[in-house]
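Numbering (our numbering), first residue to last: 1 to 158.
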């Protein structure tokens, strides 16, 4: 069984092969501490906007490195196999025209900060109309463009 869970104050997502473990809150916590779940990795999620993205990638790279260093203290055989990813969401309010250029900047910043780009930003071809999901000042349907990328902290000794 493959599992993904969200954690508070640790990482945004962690994932792995959940065998063996007890599917209870105590089992999850115990499995995480001992590595019995066969954890595969951790993923930090960053939300960026075309008007607000400065420093986000540097923070992400630091967080992934911090996770890797912290995980060295766990006494579990699978800790050397763990992978550290960053999922970067990029949003543009009311348009899509800046997604490509800002996405390119975020990818270049990722590489400069030692992260491998596993999946490039692929901007949406049209902006999504989110209807009543988001409020608007004039009562019209709110629209935005979005794209995402996946980056990874390279494994050591490769």
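Just so you know, even glycine gets a beta-carbon here, dropped at the ideal spot from N, CA and C. From a predicted model like this one, the values you see are computed outputs, not experimental measurements.
The three-state secondary structure of residue 96, taken from DSSP, is coil. In this structure, DSSP gives residue 126 a state outside helix and strand, which the three-state scheme calls coil. Counting every other CB atom within 10 Å of its CB across the protein chains shown gives residue 119 a total below 16, marking it as exposed. Exposure of residue 66 is indicated by the presence of fewer than 16 other C-beta atoms within 10 angstroms of its C-beta. About 6 Å separates the beta carbon of residue 149 from that of residue 117, a gap short enough to meet the 8 Å contact definition.
Taking C-beta atoms as the reference points, residue 90 and residue 50 count as a pair closer than 8 Å.
Annotation for residue 46: 56, 57, 59, 60, 86, 87, 88, 89 place their beta carbon closer than 8 Å to its own, counting only its chain and skipping 5 residues before and after.
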